[in-house]
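Read through the structure below, which is laid out as structure tokens, and then see the notes.
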Amino acid sequence: MPHRSTAGTGLALALLSAVTFATSGTFARSLIEAGWSAEAVVVARVGLAALVLAVPAVLALRGRAGVLRRNLGPVTVFGLLGVATAQACFFNAVRYLPVGVALLLEYLGIILVVGWLWLVHGQRPRRLTVVGSLAALAGLVLVLDLTGAGRLDPVGVLWGLGAAVGLAGYFVLAARVDADLPSVTMASGGMAVGAAVLALLGLVGVLPLRATFGAVDFAGQRTSWLVPIAGLSLIAAVVAYLTGIAATRILGARLSSFVGLTEVMFAVLIAWLVLGELPVPVQLAGGALIVAGVALVRLDELREGRTGQPAARTDEPALT
Numbered sequence: 010m011p012h013r014s015t016a017g018t019g020l021a022l023a024l025l026s027a028v029t030f031a032t033s034g035t036f037a038r039s040l041i042e043a044g045w046s047a048e049a050v051v052v053a054r055v056g057l058a059a060l061v062l063a064v065p066a067v068l069a070l071r072g073r074a075g076v077l078r079r080n081l082g083p084v085t086v087f088g089l090l091g092v093a094t095a096q097a098c099f100f101n102a103v104r105y106l107p108v109g110v111a112l113l114l115e116y117l118g119i120i121l122v123v124g125w126l127w128l129v130h131g132q133r134p135r136r137l138t139v140v141g142s143l144a145a146l147a148g149l150v151l152v153l154d155l156t157g158a159g160r161l162d163p164v165g166v167l168w169g170l171g172a173a174v175g176l177a178g179y180f181v182l183a184a185r186v187d188a189d190l191p192s193v194t195m196a197s198g199g200m201a202v203g204a205a206v207l208a209l210l211g212l213v214g215v216l217p218l219r220a221t222f223g224a225v226d227f228a229g230q231r232t233s234w235l236v237p238i239a240g241l242s243l244i245a246a247v248v249a250y251l252t253g254i255a256a257t258r259i260l261g262a263r264l265s266s267f268v269g270l271t272e273v274m275f276a277v278l279i280a281w282l283v284l285g286e287l288p289v290p291v292q293l294a295g296g297a298l299i300v301a302g303v304a305l306v307r308l309d310e311l312r313e314g315r316t317g318q319p320a321a322r323t324d325e326p327a328l329t
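Numbering-wise (my numbering), the sequence shown opens with residue 10 and increments by one.
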């Protein structure tokens, strides 16, 4: 158990990580509305962040090159699913949906992890996890607001659910990472793989890689495209990942990821302040149910850990 002052530092870092991760949709929206494809936004974000983190990633591995060699497979899959798929789907979702709604859909990935562990590994969920999962599913119905006047674009919903699959893959893969592989190396390597694969698919014409290099509308102002790019790569990626990793080392994986759920609320608040986006009341109620459901699932994991029973590991902070 960390000392109280150390735990306070870890909590502050975890909240800072959640806030900075939550800015990604708002920064991306300004680029997408200016003509950028979602895939190009992801390549710019994670590619630049991977370069910035390359030096600390190499330093963290000094004298242990063999660790990276034996983990090339997991790092590659992590980059494909946990980085490229999750982020490309999320940024495509914000083309059609409010940022907060898209993020709520993505966070259903934590519930998908429960189903995966039950079906594939036989880890039957306990009562609290079942209640949390049902609450999250009920919240999803409210977020979709199927009978309301402002019905969500089904294309955006599908992209949001794709992001949930990517996030679920992230958690499953993170739980199987070699403990000897430094977190910063895993993050930098995964982002490099994700950026490289998306860029390659764009070059051969499989994915659209469109970018414009003029002024964009951000926070009600005309500004250079470099402003949201810098925010995405430095704030929403480098700062977010580094503070999240530091928080995880202090608080432990489960508690830091639990605190990371505040990203949803921060994203809604930032989108409201910067973009003027606010979900309708029924969607806010649905969002509260989703967050409550996911929190119950996390609480059940913490209870499992205290009783010494097997629990799904989550060794990294969330990727958005």
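Glycine included, every Cβ here is placed at the ideal spot set by N, Cα and C.
Do the CB positions of A204 and E115 come within less than 8 angstroms of each other?
As a position in the sequence shown, residue 204 is number 195, starting the count at 1. As a position in the sequence shown, residue 115 is number 106, starting the count at 1. Going by C-beta atoms, A204 is not nearer than 8 angstroms to E115.
Grab me the residues of L22's own chain with a C-beta within less than 8 angstroms of its C-beta, minus the 5 sequence neighbours each way, in chain order.
Reading the sequence shown from its first residue, position 13 is the one you call residue 22. Taken in chain order, the residues that qualify are T252, G253, A255, A256 and I259.
V232, enclosing beta strand (DSSP E) - first and last residue
Translated into positions along the sequence shown, residue 232 becomes position 223. Sequence check: residue 232 is Thr here, not Val. Q230 to S233 is the span of the beta strand (DSSP E), which, as asked, contains T232.
Short Cβ contact (8 angstroms threshold) for V2 with A280:
An answer regarding residue 2 cannot be provided, because it is not within the stretch 10 to 329 covered by the chain.
Do you know offhand how far V150's Cα is from L293's?
Position 141 of the sequence shown holds residue 150. Position 284 of the sequence shown holds residue 293. Each residue's Cα considered, the two are about 12 angstroms apart.
Under a Cβ-count criterion, where at least 16 other Cβ atoms within 10 Å of its own Cβ denotes burial, should D187 be classed as buried or exposed?
Within the sequence shown, the letter at position 178 stands for residue 187. The residue is exposed, with fewer than 16 neighbouring Cβ atoms inside 10 Å.
Thinking C-beta only, is L216 closer than 8 angstroms to E48?
Counted from its first residue, the sequence shown places residue 48 at position 39. Counted from its first residue, the sequence shown places residue 216 at position 207. With a cutoff of 8 angstroms on beta-carbon distance, E48 and L216 are scored as near each other.
Inter-residue spacing [alpha-carbon to alpha-carbon] between F180 and I119
The count along the sequence shown starts at 1 and reaches residue 180 at position 171. The count along the sequence shown starts at 1 and reaches residue 119 at position 110. Straight-line Cα distance between these residues: approximately 8 angstroms.
Should T323 go down as buried or exposed, given a rule of 16 or more other Cβ atoms within 10 Å for buried?
Along the sequence shown, one-based indexing puts residue 323 at 314. With a pLDDT of only 41 at T323, under 50, the local geometry of the prediction cannot be trusted, and no value is derived from it.
Take L89 and list the residues in its own chain whose beta-carbon comes closer than 8 angstroms to its own, dropping the five residues that flank it on each side.
Here residue 89 is taken as the residue at index 80 of the sequence shown, counted from 1. Contacts found: V202, G203 and V206.
For E85, I'd like the list of residues in its chain whose CB is within less than 7 angstroms of its CB, leaving aside the five on either flank, ordered along the chain.
As a first step, residue 85 must be located in the sequence shown, where it is residue number 76. Per the sequence shown, residue 85 should be read as Thr rather than Glu. Cβ neighbours of T85 beyond the five flanking positions: V202.
Taking the continuous alpha helix (DSSP H) assigned at A69, which residues delimit it?
The count along the sequence shown starts at 1 and reaches residue 69 at position 60. Taken as a continuous stretch (DSSP letters only), the alpha helix (DSSP H) holding A69 covers A47 to A69.
Nearest by alpha-carbon distance to V76: which of T194, V28 and L121 is it?
Start at 1 with the first residue of the sequence shown, and residue 76 comes out as number 67. It is T194.
Is the beta carbon of R38 closer than 8 angstroms to that of L284?
Taking the first residue of the sequence shown as position 1, residue 284 is located at position 275. Taking the first residue of the sequence shown as position 1, residue 38 is located at position 29. Cβ distance < 8 angstroms, so L284 and R38 count as in contact.
DSSP state of A201 mapped onto helix, strand, coil
In the sequence shown, counting from the first residue as 1, residue 201 sits at position 192. DSSP places A201 in helix when its eight states are reduced to three.
Starting from the N-terminal side, write out each stretch of the alpha helix (DSSP H) that is 4 residues or longer and does not extend beyond the region 106–132.
108–115 and 118–130
Give me the residue from S26, G302 and A31 with the minimum Cα distance to L112.
Here residue 112 corresponds to residue number 103 of the sequence shown, with the count starting at 1. The residue with the shortest Cα to Cα distance from L112 is A31.
Proximity to A249 [Cα-Cα], best of A27, T15 and T18
Position 240 of the sequence shown, counting from 1, holds the residue named residue 249. Considering only alpha carbons, the answer is A27.
Element boundaries [alpha helix (DSSP H), containing A276]
Locating residue 276 in the sequence shown gives position 267, counting from the first residue. T271 to L284 is the span of the alpha helix (DSSP H), which, as asked, contains A276.
Under 8 angstroms between the Cβ atoms of P237 and L60?
Residue numbering aside, residue 237 sits at position 228 when the sequence shown is read from its first letter. Residue numbering aside, residue 60 sits at position 51 when the sequence shown is read from its first letter. No, they are not a contact pair.
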